[in-house]
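Per the working numbering, the very first residue in the sequence shown carries number -1; after that it's consecutive. Ideal Cβ positions, reconstructed from N, Cα and C, are used throughout, including at glycine. Small disclaimer: the values here were computed from a predicted structure and weren't measured. Below: the structure, in structure tokens.
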Amino acid sequence: MIRLITDAPEFFSDLGDVLRLFYGDVQVSLTEGETVFEHHFTGENGQWTDVWASQGQSASLSRPAPTGTDLELKRYRKRQVKGALYELLKKLTGMRPPWGSLTGIRPTRLLYEGMEAGLTLEEAVRRVETEFDVSADRAALLGDIARMQSGIREAAPDRFDLYIGIPFCKTRCSYCSFSAGEIGNGRLVKPYVDALLREIELSKALMEEKGMRLRAGYVGGGTPTAIPCDDLRRILKAAQAAFPGAVEWTVEAGRPDTIDEEKLRMLRDLGVGRISVNPQTFSDETLRRIGRAHTGQETIEAYHLARSLGFDDINMDIIAALPGEDVSDFAHTLDEIERLAPDSVTVHSLAIKRSSRLHEQLTVAGNGYGQVTRDGAAEMIALARRRLTAGGWRPYYLYRQKYMAGNLENVGYARPGKACLYNIGNMEETVSVLALGAGAITKWLFDRTLRIERAPNVHNIEEYIARVDEMVQRKREVVFSDKPGR
Ligand code: SF4
């Protein structure tokens, strides 16, 4: 455990994130711990100076005290305190994380922040590189993404995106930290669908009152195709009737063992243009190991079935650094991706969250099959980027997660014209998202992203069913929070 003695305890959680860039999933405390990191701040003579010391080494950052609003000053303070700690950690470990001192999940935000301040794209890329010690390679990736997002990043102010969550899966994957669970005997499906239909109906009235229209719809999970075809049809039909005019509909068909011709025809006939068929890996051994009850061949068959029925916008998710895999296993997955040629590919770096079964298997129960090293994970991610860009896919959105293998990133790649609007809007927070279903979080933007308010639905499925009206009332309070008294 690491103990922090700091003049800036208000940034405790951010400082913990910086430590985890170097030491992985380490525990951090303000009161106890065998390794001590000590920080002092002075703000004299118009100069801000932060000094960190540990294990006989020290590092400091100093700058003229800036001016600005309270919020801006807090942001500058946080960056400097974190930056000084980052410098010390680099000294102590000899490491340089690929994303430098950045710990947030949306690095593109810093790029756009620079551009909004008047920098060109190239200048903003350089600023991210120099100010946050981001590697040239990652900074260039941000630049490529901004180019792909150009013209489609923002939605008209009277548009919103819709998320519908179906929190059921056939079986639970070992790396899943998702709170709901296996579909079991299906007893909750019907009541859940009924609750969802009620939430759709009540939310329709809310959006009409607000004068907002749908831009892009996204049905995720869980695995939406895990529920019976008729139930999924009812949900989609109700949503499309309540919120007409979407320019994009995506349904995650996720696990290939939940896909059949009847469901695909239903989706196609309802105008769902984009689906996800997710292999994660094409190694059957790994699939078994991570608890996915399908084979690589089943993924291939589901994909061909979707193509034969006319789907021309298919996404595939793959994961780098799955337990027990080496670079050659991952290269085999990329071989299959190239052969199948989906319209978009999302490359995830495995994130081992504490609530997942895999976390327990690897850390508590002992590790029988080997966790991929930082270098191994980085090699896989670099390989995916090289091969996918050489194959004509372009990076179009990116996000990072905590506990991610090698401190890397998740990147969505797409063929020209196949970038998913919902993914961009959701990741860049450039459009309000009305979110329905258990655990879904509505995010409402005010003043073009200067203020974002959230209205979370309860996670537990039974509670959601019992309290659906209250979930819509939560949304009402947020959506109309610019008009007190509603
Ligand atoms: S398919 Fe996705 S949501 Fe379902 S158990 Fe696996 S990782 Fe979790």
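At the level of alpha carbons, what is the spacing between residue i and residue j?
{"i": "LEU200", "j": "LEU69", "result": "36 Å"}
{"i": "ARG413", "j": "ASP341", "result": "6 Å"}
{"i": "ALA363", "j": "SER172", "result": "With a pLDDT of only 48 at ALA363, under the threshold of 50, the placement of this residue in the model should not be trusted; the figure read from the coordinates follows. Roughly 13 Å separates the two Cα atoms."}
{"i": "VAL325", "j": "GLY66", "result": "48 Å"}
{"i": "VAL26", "j": "THR221", "result": "35 Å"}
{"i": "ILE379", "j": "ARG124", "result": "22 Å"}
{"i": "GLU246", "j": "GLU283", "result": "36 Å"}
{"i": "ARG272", "j": "ASN313", "result": "7 Å"}
{"i": "GLU426", "j": "PHE158", "result": "14 Å"}
{"i": "GLY483", "j": "ALA453", "result": "Low per-residue confidence applies at GLY483: pLDDT is 48, beneath 50, and the placement is therefore not dependable enough to give any value."}
{"i": "PRO242", "j": "GLY269", "result": "12 Å"}
{"i": "PRO321", "j": "VAL370", "result": "6 Å"}
{"i": "ILE3", "j": "HIS37", "result": "6 Å"}
{"i": "VAL217", "j": "GLY294", "result": "24 Å"}
{"i": "ARG305", "j": "ILE288", "result": "27 Å"}
{"i": "MET113", "j": "VAL477", "result": "29 Å"}
{"i": "ASP333", "j": "ASP258", "result": "25 Å"}
{"i": "LEU186", "j": "LEU265", "result": "23 Å"}
{"i": "GLY149", "j": "ALA417", "result": "12 Å"}
{"i": "VAL456", "j": "LEU230", "result": "21 Å"}
{"i": "HIS302", "j": "ILE316", "result": "17 Å"}
{"i": "GLY215", "j": "ASN408", "result": "22 Å"}
{"i": "GLU451", "j": "PHE444", "result": "8 Å"}
So is residue i buried or exposed if we call it buried at 16+ other beta carbons inside 10 Å?
{"i": "GLY308", "result": "exposed"}
{"i": "ARG286", "result": "exposed"}
{"i": "ILE439", "result": "exposed"}
{"i": "ASN43", "result": "exposed"}
{"i": "ALA436", "result": "buried"}
{"i": "ASN365", "result": "Any reading at ASN365 needs caution, since the residue's pLDDT is 49, under 50, leaving its predicted position unreliable; the model's value is listed next. Looking at its Cβ environment, which holds fewer than 16 other Cβ atoms inside 10 Å, ASN365 is exposed."}
{"i": "ALA486", "result": "The question about residue 486 has no answer here: the residues shown for the chain are numbered -1 through 484."}
{"i": "GLY415", "result": "exposed"}
{"i": "SER430", "result": "buried"}
{"i": "GLU250", "result": "buried"}
{"i": "ASP156", "result": "exposed"}
{"i": "ALA237", "result": "buried"}
{"i": "MET146", "result": "buried"}
{"i": "GLY92", "result": "exposed"}
{"i": "MET(-1)", "result": "exposed"}
Check whether the Cβ atoms of residue i and residue j lie closer than 8 Å to each other.
{"i": "THR297", "j": "ASP327", "result": "no"}
{"i": "CYS488", "j": "LYS261", "result": "Any answer about residue 488 is impossible in this case: the structure gives the chain only from -1 up to 484."}
{"i": "PRO96", "j": "ASN405", "result": "yes"}
{"i": "SER58", "j": "THR47", "result": "yes"}
{"i": "ARG434", "j": "GLY184", "result": "Note that residue 434 is Leu in the sequence shown, not Arg. No. Outside cutoff."}
{"i": "ALA300", "j": "PRO254", "result": "yes"}
{"i": "GLU336", "j": "GLY389", "result": "yes"}
{"i": "LEU140", "j": "LEU100", "result": "no"}
{"i": "ILE103", "j": "GLN471", "result": "no"}
{"i": "ILE143", "j": "LEU396", "result": "yes"}
{"i": "SER175", "j": "SER347", "result": "no"}
{"i": "VAL34", "j": "SER52", "result": "yes"}
{"i": "LYS80", "j": "VAL16", "result": "yes"}
{"i": "TYR462", "j": "ALA193", "result": "yes"}
{"i": "ALA63", "j": "GLN78", "result": "no"}
{"i": "TYR394", "j": "GLY410", "result": "yes"}
In this structure, what does DSSP give as the bridge partners for residue i?
{"i": "ALA239", "result": "According to DSSP, ALA239 bridges with nothing at all."}
{"i": "PHE39", "result": "ASP48"}
{"i": "ILE103", "result": "ILE103 is not bridged to any residue."}
{"i": "MET314", "result": "VAL343"}
{"i": "TYR397", "result": "ASN408"}
{"i": "LYS441", "result": "VAL431, ARG452"}
{"i": "VAL217", "result": "ILE162, VAL249"}
{"i": "ILE335", "result": "None, per the DSSP bridge assignment."}
{"i": "VAL34", "result": "ARG1"}
{"i": "LEU59", "result": "ASP48"}
{"i": "LEU212", "result": "PHE158"}
Can you find a C-beta in chain B that's less than 8 Å from the C-beta of residue i?
{"i": "ASP467", "result": "Here chain B cannot be found, since the structure has a single protein chain."}
Are there any heavy atoms of ligand 3 lying less than 7 Å away from the beta-carbon of residue i, as far as the coordinates show?
{"i": "VAL24", "result": "Of the ligands one can find in the structure shown, namely ligand 1, none is ligand 3."}
Quiz item: What residues sit near ligand 1, counting only those whose C-beta is closer than 6 Å to one of its heavy atoms, in chain order?
Solution: Listed by chain position, these are CYS167, ARG170, CYS171, CYS174, PHE176, GLY219, GLY220, THR221, GLY252, ARG253.
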